[in-house]
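Presented below is the structure to which this report refers.
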Amino acid sequence: MSTCGPKMKMDPQLHREQKPSWIKVRLPNNPAFWSTKSLITDLKLVTVCEEAQCPNRWECWGQGTATFMIAGDKCTRACGFCAVKTAKPDALESDEPARVAEAASRMNLKHIVITAVARDDLKDGGAEHFRETIRAVREVNAGIIIEVLVPDFNDRDWALQMVMDARPHIFNHNLETVERLTPLVRSRAKYQRSLTVLKKAKQMVNGNVSTKSGIMLGLGERQDEILKAMDDLLEHDVTVLTLGQYLRPTPKHLPVVEYIHPDQFAEYKQIALDKGFRHCASGPLVRSSYHAADFRPELDVLDAIEADLRSLTGLELGPEHLPVLQTLKI
Ligand code: SF4
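Those letters in the sequence shown? Residues 107 to 436, by my numbering.
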């Protein structure tokens, strides 16, 4: 799901370092958490919530939401920050898109986030599987907001186009870190390439998608570098930003250089909004998909996507037909 970087040598002392009081991971004690868990298990789905050891699982699953990770649980990349395992991936499961759609339906999701491991073993990087999953979700969940969090597809425009052809409402691709630290944190990804992917995705659908990106803080970046990354994202037409604290999943991963205080996160949020982002989620436990539904794309973007879906029918139909139209494949 993310790009790669070398795993660091073990540093047990740093890993055991006391976390500050504002990093609190709660334990599940809510029935909704267990029903989300059992539904995910029943449908044999993978979530980034579990695979990336997200600290918000109690909260998100307890609220009946989760982020689905398609195309397996083994990533072809080895990011220095990411807990998803690196291994030769299994074959794609052709019924996975339908199972994700069923989960969205049974969970009554109004907003779904779909991500994937990086599949550099596949020519299309898993783009077709993304497309089919978006279509399957739309088929059975009329009106749902579909957000994708994608890898860079090795800069293959035709693969990116496949995803955009399915018309997600929100296209998310994370910068993960500032430019200087990118080779350390994401060795096979490139900062500029990620910016270009974000811009191209929007251009491919004539601007009719909301683009979003995220940066982890606490990896040793300087404040001026964070502000520069914000400017770079804005220059590439990204309007939604997430900022969260990097937490080291295991001693083999990159160490935390700094725990950023919540007040500092609040300040970054204000700076981001002042600079021109439409929405910014910023806080120690913010992740790409944390409270994702808090951001709803602009009405004109939603209308344009609906119009595209409608135009495929070649008919003049009214809003009452939208649920039907949204079941049509594009
Ligand atoms: S923040 Fe995202 S990845 Fe983490 S538990 Fe919530 S939905 Fe899952």
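All C-beta atoms in this analysis are idealised placements derived from N, C-alpha and C, irrespective of residue type, glycine included.
Predicted model only: the values in this text are computed from it and were never measured.
Asked: Does the structure place the segment 246-253 close enough to the segment 286-297 that three or more beta carbon pairs sit under 8 Å?; Found: no
Asked: Just the Cα atoms here: how many angstroms apart are residue 310 and residue 149?; Found: 33 Å
Asked: Given this structure, state the Cα-to-Cα distance separating residue 198 from residue 373, to the nearest angstrom.; Found: 43 Å
Asked: At which residues does the beta strand (DSSP E) containing residue 334 begin and terminate?; Found: First-last for residue 334: 329-341, but that is the alpha helix (DSSP H), not the beta strand (DSSP E).
Asked: Could you tell me the boundaries of the beta strand (DSSP E) in which residue 90 lies?; Found: This structure leaves residue 90 out entirely; the chain is present only between 107 and 436.
Asked: What first and last residue would you give for the alpha helix (DSSP H) that runs through residue 268?; Found: 263-271
Asked: With which residues is residue 282 paired in a DSSP beta bridge?; Found: 321
Asked: My assumption, with CB atoms under 8 Å, is that residue 183 sits in contact with residue 192. Please give the rounded CB distance.; Found: 7 Å
Asked: Output needed for residue 261: all residues of its chain with C-beta closer than 6 Å, excluding positions within five of it in sequence on either side, in chain order.; Found: 299
Asked: Would you say residue 195 and residue 152 are within 8 Å of each other, going by their C-beta atoms?; Found: no
Asked: Whose CA, out of 409, 353 and 406, lies closest to the CA of residue 392?; Found: 353
Asked: Verify the contact flag: residue 154, CB atom, against every heavy atom of the ligand SF4, threshold strictly below 7 Å.; Found: yes
Asked: Rounded to the nearest angstrom, what separates residue 411 and residue 417 at their Cα positions?; Found: 10 Å
Asked: Along the chain, where does the alpha helix (DSSP H) containing residue 345 start, and where does it finish?; Found: Here residue 345 belongs to no alpha helix (DSSP H), and DSSP marks it neither H nor E.
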